[in-house]
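**Q**
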Amino acid sequence: MKTSDKTCTKCPDNCKKCAYVGTTLTCSECKTDFMMKTDKTCIACPTNCDTCTAEGKCDTCKTGFIVKSDNTVCLGQFCFVPLLPT
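The sequence shown maps to residues 1 to 86 in full-length UniProt numbering.
1. Return the first residue and the last residue of the beta strand (DSSP E) that Val67 is part of.
2. Pull up the distance between the alpha-carbon of Leu67 and that of Val21, whole angstroms please.
3. Taking the C-alpha atoms as reference points, what is the distance between Asp33 and Pro85?
4. On a Cα-Cα basis, can you pick out the residue from Lys31, Leu25 and Lys62 that is closest to Asn48?
5. Taking C-beta to C-beta, are Asp50 and Thr60 nearer than 7 Å?
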């Protein structure tokens with residue numbers, strides 16, 4: 001809510017919580033699957049990523065996925081079953 005005139009304003013895209021800092025509407029918390037940049041805007045985490053704290057880097061993946069060694073993507077978990085001779 002803008003306190004000067006008591007009007008409600010929609011938060012910026014992908015922002016879960018926001019507030020006015022002076023006259024600027026600023027994001028204070030991003031929606032799920034998004035991370036906050038230093039300019040207080042929210043950007044999407046990589047695909048299948050549950051949490052990320054750096055642009056293009058994934059900290060944890062959604063269920064059923066594992067983080068690639070360089071933390072850039074989440075890969076599906078594969079289970080290899082040896083084929084038995086028939």
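For glycine and all other residues, C-beta sits at the position ideal for the given N, C-alpha and C.
**A** Reading from the atomic positions:
1. Here residue 67 refers to the residue found at position 67 of the sequence shown. Run containing Val67: Phe65 to Val67, per the beta strand (DSSP E) assignment.
2. Position 67 of the sequence shown, counted from the first residue, corresponds to residue 67. Position 21 of the sequence shown, counted from the first residue, corresponds to residue 21. Correcting the residue identity first, residue 67 is Val in this sequence and not Leu. Each residue's alpha carbon lies about 36 Å from the other.
3. For this step, residue 33 is matched to residue 33 along the sequence shown. For this step, residue 85 is matched to residue 85 along the sequence shown. Their backbone Cα atoms lie some 45 Å apart in a straight line.
4. Residue mapping note: residue 48 aligns to position 48 of the sequence shown, counting from 1. The shortest Cα separation from Asn48 among Lys31, Leu25 and Lys62 belongs to Lys62.
5. Along the sequence shown, read from residue 1 onward, the residue named residue 50 stands at position 50. Along the sequence shown, read from residue 1 onward, the residue named residue 60 stands at position 60. Contact flag set, yes.
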